[in-house]
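Student:
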Amino acid sequence: MQISRRALLSMAPAGTLLALAGRVRATAADAGAAAVASAATDQAALLGNVTAVFCGTAESNARPEVAAKLAALQSTAAARIAAMDTAGPGELFHGVGLGTSDPHLSTSFQYLYEIALATRAPGSALLGDTAVQQRVIDGLTRLYDGYYGDQSAGYYGNWFTWEIGISGYVSRTLVLLADRLAKAAPALTATYVAAMDAYLRNGKDGDVDLDSRFHTGANLADITTNRVLQGAALGDPARVTKAVADQLTVYATVDPYALRHGVTDGFYADGSFLQHASVAYTGSYGTGLLTRVVQTVKILDGTSYAPGDGDLAGVVTGWVADSFAPLIVEGWMAEIVKGRSVSRTGTGYADVAAVVEAVVDLSGYAPGDSATALAGYAKHLRQVTKAAPDPAGFVSPVSVARYADILADPAIRARDINPAALHSAYPAMDRSVHRRPGYTFALARSSTRISGYEYMSGENLTPWFQGAGAHYLYLAGQDQTRAFGVDYFTAVPPDRLAGVTAPVETRLTVPELYGTQWYDNPAAGFTSSSESQNTYVYFPRGTNTHSGGAVLGAYGAAAMVLAPDAAYAAKQAGQLPEDFVAYRSADATRSWFMLDDEIVVLAAGVGDSAGRAVTTTADARIAGPAAPVALTGEVRGGAPWSGTGTAPLAWLRYADADQGTAVGYVLLDPYQPQPTVALDTVTRSRRAVRLTNPDTPVTKQVFTLTFHQEPGAPHTALAYALVPGATERQLRAYAHGPLSVLANTTAVQAVTHRGLGLLAVNTFTPGPHRVGRLTIDGPASVLLREAPDGTVALALADPTTTRPTLSLHLDGRPLHPTAPTPGLHIRPTRSGTTIQATTTHLYGHTLHTTLH
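In my numbering, the protein residues as written are 194 to 1045.
1. In the DSSP assignment, find the beta strand (DSSP E) that holds P833 and state where it starts and stops.
2. Reducing DSSP to helix, strand and coil, say where R1006 ends up.
3. Using the C-alpha atoms, what's the distance from D991 back to T1042?
4. Candidates R365, T909, V456 and Y646: which alpha carbon is nearest A796's?
5. Can we count V730 as close to the ligand MG, meaning its CB is less than 7 Å from some heavy atom?
6. Please determine if the segment 710-722 and the segment 555-565 are in contact, where contact requires at least 3 C-beta pairs separated by less than 8 Å.
7. Name the two residues that bound the continuous alpha helix (DSSP H) containing F682.
8. Let's test the definition: count the other Cβ atoms within 10 Å of the Cβ of A224 and tell me whether it reaches 16, buried, or not, exposed.
9. Taking the C-alpha atoms as reference points, what is the distance between S203 and T446?
10. Should R365 be labelled buried (16 or more other beta-carbon atoms within 10 Å of its own) or exposed?
11. Go through the segment 377-407 residue by residue and report every complete run of the alpha helix (DSSP H) that reaches 4 residues or more, in order.
12. Measuring only the C-alpha atoms, how far is Y348 from A546?
13. For K579, which beta-bridge partners are listed by DSSP?
14. Express the C-alpha separation of V799 and S639 in angstroms, rounding to a whole number.
15. Please confirm whether D812 and V856 have their CB atoms less than 8 Å apart.
16. Ends of the alpha helix (DSSP H) at W355?
17. DSSP state of S536, grouped into three classes?
18. My understanding is that T655 touches P630, with C-beta atoms under 8 Å, so please give their C-beta distance in whole angstroms.
19. Roughly how many angstroms lie between the CA atoms of D790 and A914, to the nearest whole one?
20. For R783, count neighbouring C-beta atoms within 10 Å of its own C-beta (all shown protein chains included) and say buried if the count is 16 or more, exposed if not.
21. To which residues of the same chain is L615 closer than 7 Å at the C-beta, ignoring the five residues directly before and after it?
22. Does any residue of chain B have a CB that is nearer than 8 Å to the CB of R365?
23. Quick one: give me the first and last residue of the beta strand (DSSP E) that H1034 is part of.
24. Please tell me whether A473 and L467 are closer than 8 Å, where the distance is taken between their beta carbons.
25. In angstroms, rounded to a whole number, what distance separates the CA positions of T958 and A684?
26. When the distance is taken between beta carbons, is V246 closer than 8 Å to V593?
27. Bridge partners of N955, per DSSP?
28. Residues in the same chain with beta-carbon distance under 8 Å from S650, minus the five sequence neighbours each way, listed in chain order, please.
29. Suppose only complete runs of 3+ residues qualify. What are the beta strand (DSSP E) ranges in the segment 675-759, listed by chain order?
30. Just to confirm the assignment: which complete alpha helix (DSSP H) runs, minimum length 4, are found wholly within the segment 273-359?
31. Decide if T874 is buried, meaning its Cβ has at least 16 other Cβ atoms within 10 Å, or exposed.
32. Between which residues of its own chain and R1020 is the CB-CB distance below 6 Å, once the five residues before and five after are set aside?
33. By how many angstroms is the C-alpha of D554 removed from the C-alpha of S268?
34. Would you identify the three-state DSSP class for Y776, choosing helix, strand or coil?
35. Taking its Cβ as the centre, do 16 or more other Cβ atoms sit within 10 Å of L701, making it buried, or is it exposed?
36. Residues in its own chain within less than 8 Å of E724 by CB, not counting five upstream and five downstream?
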């Protein structure tokens, strides 16, 4: 479990490639009977492993726990055969017309695969049915001859369909029917593989192009998995060898200062996962990649292609603990890492099923304590979730059986893989996750490195502020489908998402602006999958460099400077066509200080240089239309207050008795604009956020706590704290501490917490900045905590990722480090202690020291 992912980056792909290439050369040179026998043995093992993964084994499928999975597999195949029986002209399956629809063509290949699956699954009524298998082969032949084999006529629609989607279904089918194909259509496998090679965009002689922007991350894992299967079906060890080596590059840790093939997609040392170069995507593409790597471990098991010493399983176990588990809230995948899939109806709890299956499978391959921890985590997720995963939805029947064994084993203790109090900073993807036993706070930011949002393919139609400091406060014990998911984005206006500062204006979706799902202007470089489309339409980055923070134990700080995105900047610079529409953001310098009972939010310079009205939403929550939501509080001076409206509040409490949840809000600055409390019942269609969603009306109560600034109003400052689960008594007590705001300007934002002995500071401009005992030389994020015995714990980070060094001085008695502190030069002085940090190539990582 503790294998270094940086070590894998430097050694595993290259080493594996050389070792495997050596075996290929030996086989290709016909080095002897042993090599030939080894290749034959490997092929048989690969074919058997693939069949076991997708169809199960006689042992697994005889288990009562697998009966539902087996029944689903058979009923699906029966439905597909019935659709084949009733197909009309231009169809292989009823209702799936062929011609110019790439989704329909892909669906036809999917249906053939699902039929083939049932003919190879032990216990299936169709097991070994050669007549049905022949129908699948005939279907493959028809699709090839009429719709797929001519590359000049193919490749219409989405590139993914042709390079990954169809290839996935075809490759699996070729493996499952390898014996039957060898007898009935011996040339068909090679014919299809040649076509799949030809469809690989920018492929070199049909091989993977690691320099292609399409062959990266989860996409590359899919492509190379397909090629492993193709090699198994062909009996081509060289193809398998190269595919495994190419796939291992996906699992290597991305070093942003030493990119391989220019690829930024993948996992980073801090646990971040990116896809599409700049989209935080652990919860969608990341889960897909997790599934692929675990399948790779299982498919290569027992063959000479498998990486040695369990390296791959060890790396992926680290991903589970560092990258996935912090983002899973009682079985719910956090919205901050889901890209455009936040607008889909089947997300949240359903997303975690893939993680559970991967964890279950990994527990069978990881060594010792890691296996125990993984099994315990799978059991833990089953106990805490409001919607337990249905094992019938797992990919593999073998996984279903293993999951049942874990749940039934009294020796396996259900246990989270991480502590209940945890702060996870992901500077490489501008995300923060703050966990406590009663809540999880998830924060999404953006910068020149990370996209503000992802829109694509008619999904996530109104995404504009999802990376502008939007937060999601998940309360323990709540059914998160009632609080977040697609209904949250449907009911809450996009400029009123929790945590967002936004101008008051009407924005139009891409289809409303251009009449298509993208901006179509080939002459200007805008096609459905062009780089310009990605940069300015699908997932534009910000123009701000300042987005990051520091971590001290289970506490964290984060900061962000709002700025226009890349599309608006390019439009202003005259680099985009006249009819291209870009929107400007509002202004704000913001900080989040994440403690035990509170999340403290400071904002300065809040307003709009273009003179528009601006609204800052401290929080937004949804509840059922008849839920007994209570809003109570006090105004400054102590008078009670309840309901909605605008008032000089000292604090407010939101409570939903149906869910047994509450959130408190403490207003920390008596001079800030008065907040407005609203509770509106709204009805909107889910189709408003995704074109292919059912036109389902959603009725919700929408609570918002906002600060509004009129057009032309001067820029202002805001300070407030979110207090999850707060009682009225607890909220009244904040009048006497323990929080104090020390500074809240566009240069410095800082708070202290007397009870924790904590000083938290974010600085934004060239220094020096003096805050309490600290003097800081420029942009930085600093957390300082002093213990009763005088020991000082210090954490500092460069939130811009651009500073080679940063320094600070701590007034008081001279202090010394308790242990060596790499990256920090600490010098006691007469007036205190000076600390200089080397932040070159840290990419926002926090440096720590303890002083005494």
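Ideal Cβ positions, reconstructed from N, Cα and C, are used throughout, including at glycine. The model shown is predicted, which means the values in this text are computed figures rather than measured ones.
Tutor: Taking the definition as stated:
1. P833 to S835
2. coil
3. 15 Å
4. T909
5. Among the components of this structure there are no ligands whatsoever, and the ligand MG is therefore not found.
6. no
7. V679 to A684
8. Unreliable positioning characterises A224 in this predicted model, as indicated by a pLDDT of 41, which lies under 50. The coordinate reading is nonetheless provided below. Classification of A224: exposed, given that the 10 Å Cβ count is below 16.
9. Residue placement at S203 is poorly supported in this model, since its pLDDT is 31, which falls under 50; the coordinates still yield a value, given next. Approximately 9 Å, taken between the alpha carbons.
10. buried
11. 381-392
12. 32 Å
13. In DSSP, K579 forms no bridge with anything.
14. 17 Å
15. yes
16. Where W355 is concerned, there is no enclosing alpha helix (DSSP H), given that its DSSP letter is neither H nor E.
17. helix
18. So it is not a contact: roughly 34 Å between Cβ atoms.
19. 10 Å
20. buried
21. P519, R628 and A747
22. Of the chains in the structure shown, none is chain B; there is only one protein chain.
23. No beta strand (DSSP E) holds H1034; DSSP gives it neither H nor E.
24. yes
25. 38 Å
26. no
27. Q942 and S974
28. N351, R533 and Q710
29. 694-696 and 748-754
30. 295-313 and 323-336
31. exposed
32. T1027
33. 25 Å
34. coil
35. exposed
36. R406 and G718
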